[in-house]
Structure formats: structure tokens, C-alpha cells
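Asker:
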Amino acid sequence: MTPAPRTVPAVDVVIVNWNAGHHLHDCLRSVVQADRSELRVARIVVVDNASTDGSAARLAAADIPLDVVRNTRNRGFAVACNQGAARGDSDLVLFLNPDTELYPDSLAVVGRVLRTPPRDRIGIFGGLMVDDRGNPQISCSRFPSLRVYLGKMTGLDRLAPGLFPSHHLRPRELTGSRPVDQVIGAFLLVRRKVFAELHGFDERYFLYLEDVDFAWRARRAGWLSYYVEQARVHHTGQVSSSQLGAWRHYLLLRSRTTYAFRHWTAPRAWALLALTVSVEPVARLAAAVVRGRWTELGPTLAVYRTFLRWFRQGGRRCSEG
Numbered sequence: 001m002t003p004a005p006r007t008v009p010a011v012d013v014v015i016v017n018w019n020a021g022h023h024l025h026d027c028l029r030s031v032v033q034a035d036r037s038e039l040r041v042a043r044i045v046v047v048d049n050a051s052t053d054g055s056a057a058r059l060a061a062a063d064i065p066l067d068v069v070r071n072t073r074n075r076g077f078a079v080a081c082n083q084g085a086a087r088g089d090s091d092l093v094l095f096l097n098p099d100t101e102l103y104p105d106s107l108a109v110v111g112r113v114l115r116t117p118p119r120d121r122i123g124i125f126g127g128l129m130v131d132d133r134g135n136p137q138i139s140c141s142r143f144p145s146l147r148v149y150l151g152k153m154t155g156l157d158r159l160a161p162g163l164f165p166s167h168h169l170r171p172r173e174l175t176g177s178r179p180v181d182q183v184i185g186a187f188l189l190v191r192r193k194v195f196a197e198l199h200g201f202d203e204r205y206f207l208y209l210e211d212v213d214f215a216w217r218a219r220r221a222g223w224l225s226y227y228v229e230q231a232r233v234h235h236t237g238q239v240s241s242s243q244l245g246a247w248r249h250y251l252l253l254r255s256r257t258t259y260a261f262r263h264w265t266a267p268r269a270w271a272l273l274a275l276t277v278s279v280e281p282v283a284r285l286a287a288a289v290v291r292g293r294w295t296e297l298g299p300t301l302a303v304y305r306t307f308l309r310w311f312r313q314g315g316r317r318c319s320e321g
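In case it helps, UniProt numbering puts the sequence shown at residues 1 to 321.
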């Protein structure tokens, strides 16, 4: 009897772009050139958040169907991811940053993992982020806590990491493939049924922590996140966000406040807010003075004033709603 042909799982690749320059074209090329024998790419969806650098022009993906969504304004990362996911129907969705490039075997490695135990309760998969030289970069994170953020604000995560663990798992802390709290969103493979069950990314996050929030809600629903060490992905990092300047930190403040009021007890969330408007700005201003970066003082103060205005004008209600 002739054995039945093996079914190769299909994935829709979603890439959210904002002024990523040539990196978007390099990312698409890497998907096309990847070994797709274990994980078939059914379509690629590029959601462009009103780029002005021409990066979303003349896109091509060879033999893979390509769908380009052009937003007339920057709608944020979470909204754009949800837009992209809604354009496909494959059993898997891969969210890929435009400043990433797959290795030839990245998809094949993950495809093989999908067929091995304990796959049934794994809803999210991630890979090993590496730099230009192949050195490991940040790939996974802990779920954030008040202690994690206090350590980050004050530098105690570097002085006393045993008491104040860092949010991100350092490369030396990752030894082999295993379940983790969260894999970073630069390469995030999700089962579509999990994505649908959780109603996608929470669109209250414009940028930052939408992947953390999603992983936390998935864990509460019984789904694990799994780090696949052999699935290497080149990640340049911060190609788009670095263009925001000081306002990148403003968006981070908004996102982590939203996360705290959504998922922590009220006392802990309010404690984080208190630290955010007292300890953190003082620490950042002091660091700028010590380093002689006088030009950072004004933008830093402006960021915290704007954040406080956002919170007073409805940010808390948005976070708790």
C-alpha cells in the first residue's frame, strides 16, 4: 500500500512596515529563499503604516502570493498585525518584523518542531535572534513585574540581578529549546485558533508590549510559548522605532502602564505609576547629566509631561477598560 502523502502545514506571514527602508525587501527575499518543505508559506501580507520612505514600493515575493495593505495613517503595530492576520486563513500565522531575515532552514526547523511533542499545548513559537555575526541577541522575556521594572529604572537589574531580574532573558540564560514566558514579536509564530480565541492583539497598545500581553493571555488560557533554539533569525532591531527619538520612550510608558492596569493588582499598578513619575525621570535625568548629554534633558521632561497628560485625560480608563 502506498503511504498517504505527508501534509505540510501552511502559514500566513504578516509583516508590519513603517519606514523600514531596504530591510523590508531583504526580509521578503529571505522568506522566498527559505526552505519551505516543512512549513508552506501560503501568502505574505505586508501592512504598511503610512511609510514615507518608499520602502513599500515595488514589493515582490516570487512564487508566494503577496498582499499589500496600505494604511493612510500609522495605526500602530497591534492594529496592523490584526489587519494582516485577517487577510489569511492558514492554520498558522507568522508575525515577522521587517528588519528580520530568515536563515535558509528557519521555517523548516520550526515546521519539524510542530510535529513533535509536546506540541499540543504550545500556541506560540519563537526562534533565536542573532546579529550580523551570528551572535545571540534577545529572543525571549519574562513576564514583567514591579520588581523587574524597578530594577530597570534604577539600574539594579545590572548591580543585583539576583534580586532584580531583567525583563529580557539574556542569551546565556537560554540553554536549549524550551517553554518560556514570552518570545519576542520579531519572529512570532501563532496557531490561528489561539489567535482567534484571544481575539488577536489588544489594540490598546500602539507600540510595545502587545506581544507580552498576548503571551500572558495565552498562558492564562492554557497555551504555552516555546523557544526554538535551532530556528535562527537575523534581527537588525529598532530600525523603525529608532526614528521616533525620545517619543519611543513615551509609547513604552503608555504600554507598560496599560499592561500593569490590565493584568496586575491595583496596588501594584499604582505603585508602578508612582515610580514612573518619580524615581524613573530623576534617574534618567541624572544619567544624562553624568554622561554630559545636556540635550536629552528637555525631551526627557517633555516625555514624562506628555505621559502624565495622557494618563489624566483617560489613559487609565483606556488601560482598565
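We treat Cβ as the ideally placed atom computed from N, Cα and C, and that holds for glycine.
Computed from a predicted structure; not experimentally measured.
#1: Just list the residues that DSSP pairs Gly126 with in beta bridges.
#2: So what's Arg254 in DSSP terms, helix, strand or just coil?
#3: For a test of the three-state rule: what should DSSP assign to Val16, helix, strand or coil?
#4: Rounded to whole angstroms, what's the CA-CA distance from Ala60 to Arg305? Just pull it up for me.
#5: Just to confirm before moving on: does the CB-CB distance between Val41 and Val228 stay below 8 angstroms?
#6: Enumerated in chain order, which unbroken segments of the beta strand (DSSP E) with a length of 3 residues or greater are wholly contained in the region 24-97?
#7: Excluding five sequence neighbours on each side, which residues of the same chain lie with their C-beta closer than 6 angstroms to the C-beta of Pro299?
#8: Would a C-beta distance cut-off of 8 angstroms place Arg232 and Asp91 closer than the cut-off?
#9: Compute the beta-carbon to beta-carbon distance between Leu275 and Met129, rounded to the nearest angstrom, for a pair I have assumed lies under 8 angstroms.
#10: Going by DSSP, which residues form a beta bridge with Pro179?
#11: For Ala283 and Glu296, which I take to be in contact (beta-carbon distance under 8 angstroms), what is that distance rounded to the nearest angstrom?
#12: Let me check understanding here. Comparing Cα to Cα, which of Ile184, Ser241 and Gln83 lies closest to Trp216?
#13: By how many angstroms is the C-alpha of Phe307 removed from the C-alpha of Ala196?
#14: Given Gln238, which residues of its chain have a CB within under 7 angstroms of its CB, disregarding the five upstream and five downstream residues?
#15: Does the pairing of the region 84-99 with the region 26-46 give three or more beta-carbon distances under 8 angstroms?
#16: Under a Cβ-count criterion, where at least 16 other Cβ atoms within 10 Å of its own Cβ denotes burial, should Val31 be classed as buried or exposed?
#17: From the DSSP secondary-structure annotation, give me the bridge partner or partners of Glu101.
#18: For Ala62, is the classification buried or exposed, using 16 other Cβ atoms within 10 angstroms of its Cβ as the cut-off for buried?
#19: When you compare only the Cα positions, how much space is there between Arg158 and Tyr149?
#20: Name the two residues that bound the continuous alpha helix (DSSP H) containing Trp270.
#21: Glu310: which of Val279, Leu252, Gly292 and Glu280 sits nearest, CA to CA?
#22: Please check the pair Leu39 and Val8, which I expect to be a contact at CB under 8 angstroms, by giving their CB distance rounded to whole angstroms.
#23: Report the CB separation of Ser145 from His168 in whole angstroms; it is logged as a contact under 8 angstroms.
#24: Are the CB atoms of Phe125 and Glu210 nearer to each other than 8 angstroms?
#25: Kindly give me the distance between the Cβ atoms of Gly162 and Thr257, rounded to whole angstroms, as I take these residues to be in contact under 8 angstroms.
#26: What residue from Gln230, Ile122, Leu102 and Arg204 has the CA that sits closest to Arg75's CA?
#27: With a Cβ-Cβ cutoff of 8 angstroms, do Ser240 and Asn82 count as a contact?
#28: Quick one: grab the DSSP three-state call for His168.
#29: Under three-state DSSP, which class holds Pro136?
#30: Which one of Thr236, Trp294 and Tyr208 has the shortest CA to CA distance from His249?
#31: How would you write the range of the alpha helix (DSSP H) that Leu159 sits in, first residue to last?
#32: Could you tell me which residues DSSP puts in a beta bridge with Ser242?
Answerer: Considering the structure as presented:
#1: Counting from one through the sequence shown, the residue named residue 126 turns up at place 126. Beta-bridge pairing links Gly126 to Leu188 and Tyr227.
#2: Numbered from its first residue, the sequence shown carries residue 254 at position 254. Three-state DSSP puts Arg254 in a helix.
#3: In the sequence shown, residue 16 corresponds to position 16, counting from 1. Annotated three-state conformation of Val16 is strand, per DSSP.
#4: Within the sequence shown, the letter at position 60 stands for residue 60. Within the sequence shown, the letter at position 305 stands for residue 305. Distance between the alpha carbons of Ala60 and Arg305: 43 angstroms.
#5: For this step, residue 41 is matched to residue 41 along the sequence shown. For this step, residue 228 is matched to residue 228 along the sequence shown. In this structure, Val228 does not lie closer than 8 angstroms to Val41 by Cβ.
#6: Those beta strand (DSSP E) runs which fall completely within the region 24-97 and span 3+ residues are 40-49, 66-71 and 92-96.
#7: Here residue 299 refers to the residue found at position 299 when the sequence shown is read from its first residue. For Pro299, where only same-chain residues beyond five positions count, the Cβ hits under 6 angstroms are Ala246.
#8: Position 232 of the sequence shown, counting from 1, holds the residue named residue 232. Position 91 of the sequence shown, counting from 1, holds the residue named residue 91. Note that the C-beta distance between Arg232 and Asp91 is not below 8 angstroms.
#9: Sequence index remark: in the sequence shown, residue 275 carries index 275 (1-based). Sequence index remark: in the sequence shown, residue 129 carries index 129 (1-based). About 29 angstroms separates the CB atoms of Leu275 and Met129; that is not less than 8 angstroms, and the two are not in contact.
#10: Within the sequence shown, residue 179 is the residue found at index 179, counting from 1. Partner(s): Tyr226.
#11: For the purposes of this step, residue 283 is taken as the residue at position 283 of the sequence shown. For the purposes of this step, residue 296 is taken as the residue at position 296 of the sequence shown. Taking 8 angstroms as the upper bound for CB-CB distance, Ala283 and Glu296 are not in contact here, some 13 angstroms apart.
#12: Position 216 of the sequence shown, counting from 1, holds the residue named residue 216. It is Ile184.
#13: Counting from one through the sequence shown, the residue named residue 196 turns up at place 196. Counting from one through the sequence shown, the residue named residue 307 turns up at place 307. Taking the straight line joining both Cα atoms gives about 32 angstroms.
#14: The residue labelled residue 238 in the question sits at position 238 within the sequence shown. Cβ neighbours of Gln238 within its own chain (closer than 7 angstroms, five residues either side excluded): none.
#15: The region 84-99 is in contact with the region 26-46.
#16: As a position in the sequence shown, residue 31 is number 31, starting the count at 1. Result: buried.
#17: Numbered from its first residue, the sequence shown carries residue 101 at position 101. DSSP lists His234 as partners of Glu101.
#18: Position 62 of the sequence shown, counted from the start, is the residue given in the question as residue 62. When all chains shown are included, Ala62 counts as exposed.
#19: Counting from 1 along the sequence shown, the entry for residue 158 is found at position 158. Counting from 1 along the sequence shown, the entry for residue 149 is found at position 149. Spanning the two alpha carbons is a distance of roughly 12 angstroms.
#20: Walking along the sequence shown from the start, residue 270 turns up at place 270. Unbroken alpha helix (DSSP H) run through Trp270: Ala266 to Val277.
#21: On the sequence shown, residue 310 is found 310 positions in, with the first residue counted as 1. The residue you asked about is not Glu; residue 310 is Trp in the sequence shown. When each option's Cα is compared against that of Trp310, the closest is Leu252.
#22: Translated into positions along the sequence shown, residue 39 becomes position 39. Translated into positions along the sequence shown, residue 8 becomes position 8. Correct: roughly 7 angstroms between the Cβ atoms.
#23: By one-based count along the sequence shown, residue 145 stands at place 145. By one-based count along the sequence shown, residue 168 stands at place 168. Going by Cβ atoms, the distance from Ser145 to His168 rounds to 13 angstroms, so no, they are not a contact pair.
#24: Residue mapping note: residue 125 aligns to position 125 of the sequence shown, counting from 1. Residue mapping note: residue 210 aligns to position 210 of the sequence shown, counting from 1. Cβ distance not < 8 angstroms, so Phe125 and Glu210 don't count as in contact.
#25: Counting from one through the sequence shown, the residue named residue 162 turns up at place 162. Counting from one through the sequence shown, the residue named residue 257 turns up at place 257. The Cβ separation is near 27 angstroms, so there is no contact.
#26: As a first step, residue 75 is located in the sequence shown; it is residue number 75 there, counting from the start. Measuring C-alpha to C-alpha distances from Arg75 to each of Gln230, Ile122, Leu102 and Arg204 identifies Arg204 as the nearest.
#27: Residue numbering aside, residue 240 sits at position 240 when the sequence shown is read from its first letter. Residue numbering aside, residue 82 sits at position 82 when the sequence shown is read from its first letter. If you check the CB distance, Ser240 and Asn82 do not come in under 8 angstroms.
#28: Taking the sequence shown and counting its residues from 1, the one referred to as residue 168 is at position 168. In the structure shown, His168 sits in a strand (DSSP, three-state: E or B).
#29: Along the sequence shown, read from residue 1 onward, the residue named residue 136 stands at position 136. Pro136 falls in the strand class under three-state DSSP.
#30: Stepping through the sequence shown from its first residue, residue 249 is reached at position 249. Closest by alpha carbon: Tyr208.
#31: Indexing the sequence shown from 1 puts residue 159 at position 159. Unbroken alpha helix (DSSP H) run through Leu159: Leu156 to Leu159.
#32: Mapped onto the sequence shown, residue 242 falls at position 242. Ser242 is not bridged to any residue.
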